[in-house]
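Chemist:
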Amino acid sequence: MEGSAPRIFVNDTTLRDGEQAPGVAFSNDEKLTLARALDGAGVDEIEAGTPAMGAAEIESIAAIVDAGLSCTVMAWCRALESDVDAAIAAGVHRVNISVPASRIQMQVKLNATPEDVAGRLRRLVAYARDRGLEVAVGCEDSSRALPEDMALLAQTAAASGAFRIRYADTLGALEPFGAYEAVRRLRDATDLEIEFHGHDDLGLATANTLAALRAGARHASVTVLGLGERAGNAPLEEIAAACAQTGQFQTGVKLSELNHLAAMAADAARRAIGEMKAVVGRDIFSHESGVHVSGLLKDKRAYQALDPEALGRRHAIVIGKHSGLAALRAVCGDLGLDAEAEAMALAEIRALAQQSKRAVPVDHARRIASAFQEILAARRADATAWP
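Position 79 of the sequence shown, counting from 1, maps to 78 under numbering that gives the first Met the number 0, and the rest follow consecutively.
#1: Output the boundary residues of the beta strand (DSSP E) element that contains Val94.
#2: Take Val72 and list the residues in its own chain whose beta-carbon comes closer than 7 Å to its own, dropping the five residues that flank it on each side.
#3: What is the rounded straight-line gap between the Cα of Leu254 and the Cα of Phe195?
#4: I need the boundaries of the alpha helix (DSSP H) containing His259, first residue and last residue.
#5: Assuming Pro221 contacts Leu235 (C-beta within less than 8 Å), just tell me the rounded distance between them.
#6: So, with DSSP's three-state summary, where would you put Glu174?
#7: Using only the alpha-carbon positions, how far apart do Val98 and Asp298 sit?
#8: For Met275, does the three-state DSSP call read helix, strand or coil?
#9: Unbroken alpha helix (DSSP H) runs of length 4 or more, entirely within the segment 278 to 365: which are they?
#10: Pick from Ser141, Val223, Gly39: whose alpha carbon is nearest that of Ala211?
#11: From this set, Val136, Ile57, Arg313, which residue's C-alpha is nearest Leu14's C-alpha?
#12: Taking the alpha carbon of His218 as the reference point, which residue from Ala264, Ala178, Ile164, Leu257 has its own alpha carbon closest?
#13: Using DSSP's beta-bridge definition, name the partner residues of Gln249.
#14: Rounded to a whole number of angstroms, what is the C-alpha to C-alpha distance between Leu173 and Ala167?
#15: For Glu228, which three-state DSSP category applies?
#16: For the segment 74 to 84 against the segment 146 to 154, do three or more pairs of beta-carbon atoms, one drawn from each stretch, fall closer than 8 Å, so that the two count as touching?
#17: Are the CB atoms of Leu336 and Gln372 within a distance shorter than 8 Å?
#18: Quick check: Gly227 and Gln19, are their CB atoms within less than 8 Å of each other?
#19: Spell out the partners DSSP gives Phe195 in its beta bridges.
#20: Between the alpha carbons of Leu375 and Glu308, how many angstroms are there, rounded?
#21: Compare the Cα-Cα distances from Gln249 to each of Gly41, Ala24, Thr12, Pro175 and report the closest residue.
#22: With DSSP run on the structure shown, which of helix, strand or coil describes Met0?
#23: Beta-carbon separation of Ala261 and Val223 under 8 Å?
#24: Please classify Arg357 as buried or exposed, where buried requires at least 16 other C-beta atoms within 10 Å of its C-beta.
#25: Between Cys76 and Ile60, is the Cβ-Cβ spacing less than 8 Å?
#26: To the nearest angstrom, report how far apart Arg366 and Gln353 are at their CA atoms.
#27: Could you tell me which of Ala364, Ala239, Ile103 sits nearest to Leu37, measuring between CA atoms?
#28: For Thr32 and Cys70, what's the separation of their Cα atoms in angstroms?
#29: Of all the options Ile7, Lys30, Ala4, which has the alpha carbon lying nearest to the alpha carbon of Asp16?
#30: Under the rule that 16 or more other beta-carbon atoms within 10 Å means buried, what is Met275, buried or exposed?
#31: What does the alpha-carbon distance come out to for the pair Phe25 and Ala55?
#32: In angstroms with no decimal places, state the Cα-to-Cα distance between Gly215 and His363.
#33: Roughly how many angstroms separate the alpha carbons of Val292 and Cys331, rounded to a whole number?
#34: Taking 7 Å as the cut-off, is the C-beta of Gln104 nearer than that to any heavy atom in the ligand ATP?
#35: In this structure, how does DSSP classify Val23 when only helix, strand and coil are distinguished?
#36: Mind checking Val290: buried by the 16 CB within 10 Å criterion, or exposed?
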């Protein structure tokens, strides 16, 4: 399956859209460190920032451009000549020129008709191309755009020399079936490469991105940990792992780097990684349920789909309210417990977990088990010694 799976290209926008998450502000050093880590993890393209923000942003992007990365570094621009000029000052050779695609945003942002926006796009793509830039076109609020307007923008982008069009679910309004149908329609309307940029307002950004890829998009816009405005974006780690796990697509992303990359981004963003966060959460390979632990100990395939070793991780057994004898034996096997001591220890551990509403540390569980073994041994000795 792997050899026949389509190659998907990953465009990481952590340094642009990810930094737009409320309260997140990366330093220039943090941006450069993250860019190097993203490159090391195998992303194909980094959207490094918005040059029009000013001299500090231009300096930050220029440092990333000058870092000699293997991936492509691009900048995000509005459909303004001054934005393109700022991108040139930052030293990038590729830009994403964004225009509103829905009629409500065309009206509110530009007081323009679809034909007006297409004209502006035509002029700006030509302006950038004349200055030696490769141009991708971003269509903001694509998911609320009329199909005929998306077709017009795609045709204009292609005729003007753009190489790719971004379908942006800017408000996270789509569900997977709608995402598939929308990208399929766009695929039928243009020969341009298609990128999908999904937001997670309904918790569907990953699912929508995968659906868009099934429909013919070949570029996935993502951020580390899903950082981004409001509910964020499709997380890099989820898209990369899902592509590998399902075998439907191939990426260049190294799964073994995702945990380190997530920790680095979380530190820079001053945000904790959720314990149950898919792919990179602390507890996603931890098992407490007695049935699950018993099956896992016999054959890890019984309760494993995503292989923790591919991510540089491993399974962990947690002792708590739902633990069974198999889990207790796994952590106390060297103590030589007999059946009665095991049963008493397990009952005590479950009660403690219920009372404390948390797992019981393994070393504490072992002390409990040892104590019951000693109590029972003493009782038996007393019984034997009784005249």
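Note that the Cβ used here is the ideal one computed from N, Cα and C, for glycine as well.
Modeler: This is what the structure holds:
#1: 93 to 99
#2: Ile45, Ala47, Ile63, Val64, Val91
#3: Roughly 21 Å separates the two Cα atoms.
#4: Per DSSP, the unbroken alpha helix (DSSP H) holding His259 starts and ends at 257 to 268.
#5: It is Val, not Pro, that sits at residue 221 in the sequence shown. Correct: roughly 4 Å between the Cβ atoms.
#6: coil
#7: Between the alpha carbons of Val98 and Asp298 lies a gap of roughly 53 Å.
#8: coil
#9: As far as the segment 278 to 365 is concerned, its whole alpha helix (DSSP H) runs of at least 4 residues are 289 to 297, 324 to 331, 338 to 355.
#10: Ser141
#11: Ile57
#12: Ile164
#13: Arg6
#14: 10 Å
#15: Coil, per DSSP.
#16: no
#17: yes
#18: yes
#19: Tyr166, Ala219
#20: Distance between the alpha carbons of Leu375 and Glu308 is about 41 Å.
#21: Gly41
#22: For Met0, the pLDDT reaches just 42, beneath the cut-off of 50, and the residue's location in the model is therefore unreliable, leaving the point undetermined.
#23: yes
#24: Label assigned to Arg357: exposed.
#25: no
#26: C-alpha separation (whole angstroms): 18 Å.
#27: Ala239
#28: 14 Å
#29: Lys30
#30: exposed
#31: 12 Å
#32: 54 Å
#33: Rounded to whole angstroms, Val292 to Cys331 spans 14 Å at the Cα level.
#34: The ligand ATP is not among the ligands present in this structure, which contains no ligands whatsoever.
#35: coil
#36: With a 10 Å radius around the Cβ and a threshold of 16 neighbouring Cβ atoms, Val290 comes out exposed.
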